[in-house]
Amino acid sequence: LILCAMLIPIGAAAAPQPARIVAQAELPPANYAAAMRPAFAGDVNRPDLPHYDLDLTVDPRARRLSGHMQLVFRNMTGVALNDIVLRLYPQFPRDIFGDGGNIKMDVSNVVVQGQATTGSYEARRTALRLPLPAPVAPQTSVNVSLDFSANIEPWQRNEGTFPLPSHYPMLAVWQNGWRTDVSSFPDRVYATSGLYRARINVPTGWTAISSGSTIGTTANDNGTTTFEAVTGPVREFAFSVGRFASARASHEGTEIVVYHRADDGLDAAADAMAKHAAASLATFNSKFGPYPYRALEFHLINGRRGYDIGAEFPGLIVILLNGRYTQETRFVTAHEVGHQWFYGLIGNDIFNEPWLDESFAQYSGIVVEEQWAGKAAANRMYDQNVTRLSRRATLPAGLSIGEYQTWNGYYASVYGRGAQFLHTLRGEIGDAAFFGGLQRYFAAHKYGIVHSADVQTALEQSSGRDLDPLFQRWLGR
Numbered sequence: 008l009i010l011c012a013m014l015i016p017i018g019a020a021a022a023p024q025p026a027r028i029v030a031q032a033e034l035p036p037a038n039y040a041a042a043m044r045p046a047f048a049g050d051v052n053r054p055d056l057p058h059y060d061l062d063l064t065v066d067p068r069a070r071r072l073s074g075h076m077q078l079v080f081r082n083m084t085g086v087a088l089n090d091i092v093l094r095l096y097p098q099f100p101r102d103i104f105g106d107g108g109n110i111k112m113d114v115s116n117v118v119v120q121g122q123a124t125t126g127s128y129e130a131r132r133t134a135l136r137l138p139l140p141a142p143v144a145p146q147t148s149v150n151v152s153l154d155f156s157a158n159i160e161p162w163q164r165n166e167g168t169f170p171l172p173s174h175y176p177m178l179a180v181w182q183n184g185w186r187t188d189v190s191s192f193p194d195r196v197y198a199t200s201g202l203y204r205a206r207i208n209v210p211t212g213w214t215a216i217s218s219g220s221t222i223g224t225t226a227n228d229n230g231t232t233t234f235e236a237v238t239g240p241v242r243e244f245a246f247s248v249g250r251f252a253s254a255r256a257s258h259e260g261t262e263i264v265v266y267h268r269a270d271d272g273l274d275a276a277a278d279a280m281a282k283h284a285a286a287s288l289a290t291f292n293s294k295f296g297p298y299p300y301r302a303l304e305f306h307l308i309n310g311r312r313g314y315d316i317g318a319e320f321p322g323l324i325v326i327l328l329n330g331r332y333t334q335e336t337r338f339v340t341a342h343e344v345g346h347q348w349f350y351g352l353i354g355n356d357i358f359n360e361p362w363l364d365e366s367f368a369q370y371s372g373i374v375v376e377e378q379w380a381g382k383a384a385a386n387r388m389y390d391q392n393v394t395r396l397s398r399r400a401t402l403p404a405g406l407s408i409g410e411y412q413t414w415n416g417y418y419a420s421v422y423g424r425g426a427q428f429l430h431t432l433r434g435e436i437g438d439a440a441f442f443g444g445l446q447r448y449f450a451a452h453k454y455g456i457v458h459s460a461d462v463q464t465a466l467e468q469s470s471g472r473d474l475d476p477l478f479q480r481w482l483g484r
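Now the structure itself:
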């Protein structure tokens, strides 16, 4: 009762009114398979996954995003639902680096199961709880439509392009209740895979890039262009807008495109990044399992922060470059491509088991270097990005985010010690069992959400060994 009393209503309090019935259309058909490599087109036949339809309009001059969303999902929780929760990730508070905390997203005209409704904000206004007009039984569909708007900001001041990941209300994860975690660490999105169709309207001369594949563009009479995109099953939908130049590469039916602002002088860096992304894709296809999508895109920004930094989103990676392409950039590129497997295709609880994506992505950068530059180069990269980092670790690698008191402690343990654990494990069981186990793990859990026991089981099956002592020693769980 106290929790309910603390909720902040969207609209002003009013006397109860009869529910207003609103016509609510079914989702229009979408060619999700167009985003998939032909061998994986059947992966889109997933009625158990949420289906999102997004109409998005970006006004760069006003720095505004407006949108309409329709969401249809099947109740896969195993219990009757009385409400649903949507996460508003752009409204997360400022992180420990001072980024974020400057976006306000408003939601209006909410219709659930054909009835207009209002909801209540929770979790520092990063979650919106919507009541259902009647309990929804397991395996029954829920239909939601709403409008939303938000201010938008570039990631680099005056850079002139806008990365917009997770800029829509996203269905929360159900685990004995709707998850509404909030963290000051940069990794924030915990989501089930979904299928998306999006129409992104931008001023003429601007380009929209996104998760999935662009399947059409339309020049409109009002001075805008609409980019239509579809995805296969992806963890979230991300997009960026700008006036872009690009560099391209490809591997096994996946086109890799690195976009950057046309006048930023990053042509050579973009070309090098596209080539190394293709090398990373080739390595991970053989070591982990096949990347199923037709596209992998990058938004490259001249970050001028003194170091390179990347952020992973399904099918769209954002990298802030410190002026020029270096060995550090090569490692960051491979790390972020590794996240397409570890976080994107294989999801995990980033709040309670962050090692399952960050440790694997960190070690992925070493695996690529070994494949393409040799063991000596890989050893140097390992020393720089794993050994030196892990020496500063004071806690095991497998704790929850909240158990690490500082970012530096988290970074040393999860990125450094976690990658060192994987390297040690590989040495203990051998390459065949290590990579064979990861392929087994990928095949069993693609598009799903995993826990530490899942990867341990896969590696024990491939190696025929009890790995519990190693997992307990390194992960602390």
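First residue of the sequence shown? That's 8 in this note's numbering, and the numbers climb one at a time after it.
Glycine is no exception: its CB is placed at the ideal position from the N, C-alpha and C atoms.
None of these values were measured; they are calculated from a predicted model.
Top-ranked residue by Cα proximity to residue i, from the options
i    : options                   : result
N116 : Q427, S220 and Q77        : Q77
E376 : P100, T336, I91 and G405  : T336
F99  : K111, E262 and V92        : K111
L56  : P45, V65 and Y39          : Y39
V86  : W185, S73, E33 and E166   : W185
Y350 : T333, F338, Q334 and Q369 : Q369
V297 : T261, L327 and A400       : One detail in the question is off: residue 297 reads as Pro in this sequence, not Val. For the residues T261, L327 and A400, the minimum Cα distance to P297 belongs to T261.
I408 : A123, R101, P193 and T211 : P193
S247 : S191, D270, A318 and G239 : A318
G313 : F320, L328, P321 and F305 : L328
D461 : S420, G354 and Y332       : G354
F320 : L429, L171 and R70        : L171
A254 : E243, R268 and F244       : R268
D356 : G405, A215 and I103       : G405
P121 : V114, P145, F428 and V151 : What sits at residue 121 in the sequence shown is Gly, not Pro. Taking only the C-alpha atoms, the option nearest G121 is V151.
F442 : V457, A465 and K453       : A465
P176 : Y332, N227, L137 and W348 : L137
W213 : N227, A134, V421 and V149 : N227
A439 : W414, A285, E467 and V79  : E467
G107 : P45, R195 and S73         : R195
P361 : P97, H174, T394 and S420  : S420
N359 : A285, Y411 and A276       : Y411
Check whether residue i and residue j have beta carbons under 8 Å apart
i    : j    : result
T147 : N82  : yes
F295 : V344 : no
Q479 : I308 : no
S220 : R301 : yes
S366 : G455 : no
L34  : I91  : no
V189 : R131 : yes
P403 : L482 : yes
D364 : G239 : no
G423 : L396 : yes
H75  : D66  : no
D113 : F169 : no
R447 : S469 : yes
I324 : F305 : yes
T231 : P210 : yes
Where residue i falls: helix, strand or coil (DSSP)
i    : result
S371 : helix
N392 : helix
V264 : strand
I17  : Because I17 sits at a pLDDT of 35, beneath the cut-off of 50, its placement in the model cannot be relied upon, and the following sentence gives the value as read from the coordinates. Reduced to three states, the DSSP call for I17 is coil.
D55  : coil
D461 : helix
S397 : helix
H346 : coil
S470 : helix
A284 : helix
F338 : helix
E410 : helix
V209 : strand
N158 : strand
P476 : helix
F358 : coil
L352 : coil
G330 : coil
S293 : helix
S148 : strand
A318 : strand
L482 : helix
A12  : Low confidence applies to A12: its pLDDT is 27, below 50, so where it sits in the model is not reliable enough to give any reading.
For residue i: DSSP bridge partner residues
i    : result
M76  : L61 and L153
W185 : W181
M43  : Y300
H306 : Y266 and V325
Y203 : Y59
Practice task
At 3 residues or longer, and completely inside the region 214-280: list those beta strand (DSSP E) runs for me, N to C.
Solution key: Runs of the beta strand (DSSP E) inside the region 214-280: 214-217, 220-226, 231-237, 245-249, 251-258 and 261-268.
Handout entry: Length-filtered (4 minimum) alpha helix (DSSP H) runs lying within the region 429-459
Key = 438-452
Practice task
Quick one: which unbroken beta strand (DSSP E) runs of 3-plus residues sit fully inside the region 66-144? Chain order, please.
Solution key: 71-81, 88-94, 112-119, 127-129 and 134-143
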